[in-house]
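J.: Shown below is the structure under consideration.
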Amino acid sequence: MFEFFYDNFIDPLNYEFYRVAIITSILVSFSTAIVSVVVVNKNWAMLGMGLSNSVFPGVVLGSLLHIPMAMTIGAFSTGLLCFYLTNFILHNSRLKADAALGMCYSCFFALGLLLLSFVKTESHITHILFGNLLGVEESDYYELLVISIIVLLFAIFKFRDIILFTFDPLQFKILGIGYKRFNNLMLVILTLTIIASLQAIGILLTISYLVLPAVTAQLISKRLSRVIILGIVTNLLSSYMGLSLSYILNIATGPTIVVMQTCFFLLAYIYRRLANWHVRRREIKN
Numbered sequence: 001m002f003e004f005f006y007d008n009f010i011d012p013l014n015y016e017f018y019r020v021a022i023i024t025s026i027l028v029s030f031s032t033a034i035v036s037v038v039v040v041n042k043n044w045a046m047l048g049m050g051l052s053n054s055v056f057p058g059v060v061l062g063s064l065l066h067i068p069m070a071m072t073i074g075a076f077s078t079g080l081l082c083f084y085l086t087n088f089i090l091h092n093s094r095l096k097a098d099a100a101l102g103m104c105y106s107c108f109f110a111l112g113l114l115l116l117s118f119v120k121t122e123s124h125i126t127h128i129l130f131g132n133l134l135g136v137e138e139s140d141y142y143e144l145l146v147i148s149i150i151v152l153l154f155a156i157f158k159f160r161d162i163i164l165f166t167f168d169p170l171q172f173k174i175l176g177i178g179y180k181r182f183n184n185l186m187l188v189i190l191t192l193t194i195i196a197s198l199q200a201i202g203i204l205l206t207i208s209y210l211v212l213p214a215v216t217a218q219l220i221s222k223r224l225s226r227v228i229i230l231g232i233v234t235n236l237l238s239s240y241m242g243l244s245l246s247y248i249l250n251i252a253t254g255p256t257i258v259v260m261q262t263c264f265f266l267l268a269y270i271y272r273r274l275a276n277w278h279v280r281r282r283e284i285k286n
């Protein structure tokens, strides 16, 4: 038993790629857990899923340039372009928000697939689609580090504004902070968080990092500070367990992490059901 634990959980730490993968998962876990609270409580899940798909053309185009941060800049540009195109359609047509989002984001993702036909190094793009945490390159690691630091610093210095923007937008507007400007700023942070998640679980599964941490934590606690902490903890545990299992079983890292996140959600759901049952039973007795 000890030998199995050592060979699969301790010995891999001697490899640099494994240590880089763990550090990467920690960075992604912190940034996505914080943004997840905003995504869930602002009903931005559809927006997050759409943005994660719309960055694909930028990733493909960036991979053709072979310059530092080209894919990051490309992904950021096409993500925001698609969002503002969606807004333009909403203001100049009778389409509802979900229809406009679905149309624009699916179109951008399809455009990315078409551009993929002209890219010779398809293996790297496949990693962006489905995640490749165990294959993080040094350049990708430093880009992710910069993005994560930006997101974390924004969350620390603008924490009160983020909470007010998320849970009490009317009060936010009354205080005259600038709702529309802050909304655009949060959109930028959301896009950066999505880009940071691409290397870990890929474009197709990024939405799980944006939804499951907050949803799972809110089943356990209603206090915001605990929700954020629990979201970070479940993210860290699911990332590490998914990383370890993918290494042991030689399977895809991204889907394994998502399965672990789903398992934690199910455990939290069972806990909430049992807690509610216990409260009702105690009330009946009283």
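When the letters of the sequence shown are read in order and numbered with the UniProt record's numbering, they come out as residues 1 to 286.
Backbone N, C-alpha and C fix where the C-beta goes; we use that ideal spot for every residue, glycine too.
Can you give me the C-alpha to C-alpha distance between Phe83 and Phe118, rounded to a whole angstrom?
T.: So the alpha carbons of these two residues sit roughly 25 Å apart.
J.: Classify Asn17: buried if its beta carbon has 16 or more other beta carbons within 10 angstroms, exposed otherwise.
T.: Here the sequence assigns Phe to residue 17, which means Asn is not the residue at that position. It is exposed - the Cβ of Phe17 has fewer than 16 other Cβ atoms within 10 Å.
J.: Are Ser54 and Tyr209 close, meaning C-beta to C-beta below 9 Å?
T.: In this structure, Tyr209 does not lie closer than 9 Å to Ser54 by Cβ.
J.: Which whole-angstrom value is the C-beta distance of Val151 and Leu192, which I expect to be below 8 Å?
T.: With a Cβ gap of about 6 Å, Val151 and Leu192 count as contacting.
J.: Spatial neighbours of Phe265 within its chain, please: C-beta separation below 7 Å, excluding the five flanking residues on both sides.
T.: Leu212, Val215 and Thr216, listed in sequence order.
J.: With Ala33 and Ile228 assumed to form a contact (beta carbons below 8 Å), what rounded beta-carbon distance in angstroms separates them?
T.: Between Ile228 and Ala33 the Cβ distance is about 7 Å, and since that is below 8 Å, they are a contact.
J.: Of the residues Ile162, Phe30 and Gly74, which one's Cα is nearest the Cα of Gln230?
T.: Reading off the sequence, residue 230 comes out as Leu, not Gln. For Leu230, the nearest C-alpha among the options comes from Phe30.
J.: Return helix, strand or coil for residue 287, following the three-state DSSP convention.
T.: Lying outside 1 to 286, the shown extent of the chain, residue 287 is not represented and no answer is given.
J.: Applying the criterion that 16 or more other CB atoms from any shown protein chain within 10 Å of the CB defines a buried residue, is Ala99 buried or exposed?
T.: The residue is exposed, with fewer than 16 neighbouring Cβ atoms inside 10 Å.
J.: Once you ignore the five residues that flank Lys42 on each side, which residues in its own chain have a CB closer than 7 Å to its CB?
T.: Contacts found: Thr166.
J.: Given Phe56, which residues of its chain have a CB within under 6 Å of its CB, disregarding the five upstream and five downstream residues?
T.: Closer than 6 Å at Cβ, skipping near neighbours: Phe109, Gly112 and Ile203.
J.: Alpha carbon to alpha carbon, how far is Thr234 from Gly135?
T.: For Thr234 and Gly135, the distance between alpha carbons rounds to 23 Å.
J.: For Trp44, which three-state DSSP category applies?
T.: Three-state result, Trp44: coil.
J.: From Asn92, Cys104, Thr24 and Leu144, pick the residue whose C-alpha is nearest to that of Leu47; which is it?
T.: Minimum Cα distance to Leu47 is reached at Cys104.
J.: Can you find the residues in the same chain that come closer than 6 Å, C-beta to C-beta, to His278, ignoring five residues on each side of it along the sequence?
T.: No residues qualify anywhere along the chain.
J.: Let me confirm a value: Ile257 is counted as buried when at least 16 other C-beta atoms fall within 10 Å, else exposed. Which label applies?
T.: Buried.
J.: When the Cα of Ser197 is compared with those of Ile156, Val146 and Ser225, which residue comes out closest?
T.: Of the listed residues, the one whose Cα sits closest to Ser197 is Val146.
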